[in-house]
Structures are given as structure tokens and as C-alpha cells.
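J.: Numbering (UniProt numbering), first residue to last: 1 to 141. Where a beta carbon is used, it is the ideal one built from N, C-alpha and C, also for glycine.
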Amino acid sequence: MAPKVGQVVVHHFLWFEEQTAGLVEGRKPRPCVIIAVEPDPAGTGYKTTVLPITSRKPRADAHAVAVPPSLKRTLGLDQARDAWVIVDDANVFTWPGFDLVPQAGGGFARGLVTAGFFQQLREAVLLARGRGRPRRIDRDS
């Protein structure tokens, strides 16, 4: 099944700092929001861009959007912890990527963010572009 913008998937996300340190795989699987889907020029799938969701409080200079409690509940995130979508780093891969974690009900989607929340993400990405963010980490190479 093709990926859809706004879906949340579990992906072994590779942070920019991890890539800079020489890692080629993310240290752990984490929920991520799909923010862009384009047909792959080679015709092998879809170029998919994801942003990570974390419970670690963002640095003061980070671009992040807080996940509201109702959306955390919908996505099955820990209700006892705050969560943010970090807009500074993005992973790009050809769907279906080897770093996706299949879900119990089949497929890879864990849920879908609301249109309003996706609009907040979109605005945050546009603001972050002024600082050269998000840094795109190509997971296919």
C-alpha cells in the first residue's frame, strides 16, 4: 500500500548527529510522521520524507511541535510523557524502506495525524527552512 502524508509509521530514524558520527542506522525505532510522498523517478516506489516523534524535550533552539494529548492517545503514544515532532532532521527513503517496522494489524501505518496538526507541522517546516532545516538524511544510500 502506498504511503500517505500525515500517516505515522515506526521507523529506525537516523538523526543528523548520528549520521555525522558515522552511524548508518537509527539506534531505535520511533514513531515518525510522513510529511512528503513523491513517486520515485526510478519507478521503484515512493520517495517518502518523515519527521521523528520523541519524548525527549527539544533543545531551546530546536524547531518542534508539541503533540497534543488527544493525538498521543490516538497514535498509541505514552500518555504519561510529553511528545514532540522534531522538524530539524528528516529521513528520506524509498517506500517501503527497510527501516520500517510492520504493525500488528498489517501494513506500516500506526495512525494518522489530524489536518490541523499537519498544518502546524507544515508551518514549522516552512519556518525551519529559513535556518537550513530540516536537514535531509538520505536513507537509500
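1) Return the CA-CA distance between residue 6 and residue 49, expressed in angstroms with no decimal places.
2) Hey, would you say residue 94 sits closer than 8 angstroms to residue 44, going by beta carbons?
3) Given this structure, state the Cα-to-Cα distance separating residue 116 from residue 81, to the nearest angstrom.
4) Keeping to the same chain, check which residues put their C-beta closer than 7 angstroms to that of residue 19; ignore five residues upstream and five downstream.
5) Over what stretch of residues does the beta strand (DSSP E) that includes residue 4 continue unbroken?
6) Do you know offhand how far residue 119's Cα is from residue 24's?
7) Give, in chain order, every unbroken run of the beta strand (DSSP E) that is at least 3 residues long and sits entirely within the stretch 46 to 134.
8) If contacts are defined as beta-carbon pairs under 8 angstroms, then residue 111 and residue 75 qualify, I think. What distance do you get, rounded to the angstrom?
9) So which of 63, 56, 3 and 72 has the shortest CA-CA distance to residue 39?
10) Going by C-alpha distance, which of 27, 91 and 121 is nearest residue 66?
T.: Working from what's here:
1) 11 angstroms
2) yes
3) 22 angstroms
4) 137
5) That residue, residue 4, is in no beta strand (DSSP E); it is neither H nor E in DSSP.
6) 31 angstroms
7) 46 to 54, 64 to 66, 84 to 86, 89 to 95 and 109 to 112
8) 4 angstroms
9) 3
10) 121
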